[in-house]
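Its first residue numbered 1, the sequence shown is counted upward by one per residue in UniProt numbering.
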Amino acid sequence: MATGSELDRSRAAGGPALRRAPQGIDAGKRSVLGVMVDVVDYDAAVEKVVAAAVDRRPFILTALAVHGVMTGVSNRAFGARLNAFDVVAADGQPVRWALNLLHAAGLREWVSGPELTLRVLRRAAAEALPVYLYGSTARTVEELAASLTGMLPQLRIAGAEASKFRSARPGEPAQIADRINRSGARLVLVGLGCPRQETFVHAMRPLLAMPLLAVGAAFDYHAGRLAPAPRPMQRYGLAWLWRLMVEPRRLWRRYLLLGPDYLLRLSAQKVRLWTPAAPEPVYRLSDPPPV
């Protein structure tokens, strides 16, 4: 939570006026390389998700790291989908730093997908909101369900469905939505990896009157298949290095090529050598989403 002096500094620097409320910090969207990222903390993000679940209304959220931002930069169609999200939270220190550097946001913490998942699920358990799990492999989803119910005995998992690792066939998104609705779920966790999961939840938003959260590696973390970075590495923005050491063959291009490009573009936006155009939000997906 921002202090009074931080709020004053933010206003003096021309940044967003951070709102202090029981629901946390929520100062709206700001451009990070043309991707509209929310100045939002854990408390506000959780409140938004739970409110949408209680009200039974469509809502989509992703916790976006550098890879996701850069995918939105290089693929304007994907960037247009991201800019249609209800919430794009800053997942990782580099994205939080970007909000603070470019917009004097004063955010003191980033919104980790795995941690946000746990906080949302604690509220879901307390308020009797059943959850649907979608994505990853059958084994991972099974282990995830067992792990979550072990941590949160009150949590009701209404259903679980593994990814098919292909594009949807005609009518398939509606069939998936029907299965989710018939399960009695009030919110959906999606773990397909970026950018597949963002494309999926964006396409499913018109079909489901409930929140869909693209939480990526949270499935692997909470299933016990992936260890989080040590806290000192997280604090200094080195969670990416931990992931690179754990999965070098899969992630080396993502971190060693995208990272320098991100920093270069961020510097150009900061000194106003480059003003990135934010793609207009697109609310309907014409191509079949990945399932």
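The beta carbon of each residue, even a glycine, is placed where N, CA and C say it ideally should be.
- Taking a C-beta distance under 8 Å as the contact criterion, ARG30 and VAL40 do not qualify as a contact pair.
- Between GLY68 and CYS194, the beta carbon gap of about 5 Å places them in contact (Cβ cut-off 8 Å).
- The C-beta separation of VAL37 from VAL88 comes to about 5 Å, placing the pair in contact by the 8 Å criterion.
- For MET36, the three-state secondary structure derived from DSSP is strand.
- Taking VAL111 as reference, the option from PRO153, GLY135, ALA44, LEU121 with the minimal CA-CA separation is ALA44.
- Fewer than three pairs of CB atoms, one per stretch, sit closer than 8 Å, so the stretch 135-146 makes no contact with the stretch 107-126.
- Its Cα nearest to that of MET233, the residue PRO94 stands out among ARG122, THR149, VAL190, PRO94.
- In the three-state scheme derived from DSSP, where H, G and I count as helix and E and B as strand, VAL50 is classed as helix.
- Taking ARG108 as reference, the option from HIS202, MET151, ASP26, GLY79 with the minimal CA-CA separation is ASP26.
- Taking the C-beta atoms as reference points, PRO281 is found no nearer than 8 Å to PHE200.
- For the pair of segments examined, the stretch 200-212 was found to touch the stretch 171-181: the number of CB pairs separated by less than 8 Å reaches three.
- If you keep only unbroken alpha helix (DSSP H) runs of at least 4 residues inside the stretch 208-234, you get 218-222.
- Apart from the 5 residues on each side of it in sequence, ALA145 sits with its Cβ closer than 8 Å to the Cβ of LEU133, ILE157, ALA160 in its chain, given in chain order.
- Here the alpha carbons of LEU258 and ASP91 stand approximately 16 Å from one another.
- For PHE59, the secondary structure class from DSSP, reduced to helix, strand or coil, is strand.
- Relative to the Cα of SER147, the nearest Cα in the group LEU187, ALA218, HIS202, ARG186 belongs to ALA218.
- When the five nearest sequence neighbours on each side are left out, the beta carbons in the same chain lying within less than 8 Å of the beta carbon of ALA177 are those of MET204, LEU207, LEU208, in order along the chain.
- Residue environment for ALA278: buried (at least 16 other C-beta atoms within 10 angstroms of its C-beta).
- Using a 10 angstroms sphere on the CB of PHE59, the tally of other CB atoms reaches 16 or more, which defines it as buried.
- Nearest in C-alpha terms to ARG254, of all of TYR42, VAL66, TRP242, is VAL66.
- The C-alpha of LEU273 is placed about 42 Å away from the C-alpha of LEU187.
- Taking a 10 Å sphere around the C-beta of SER167, we find fewer than 16 other C-beta atoms and assign the residue as exposed.
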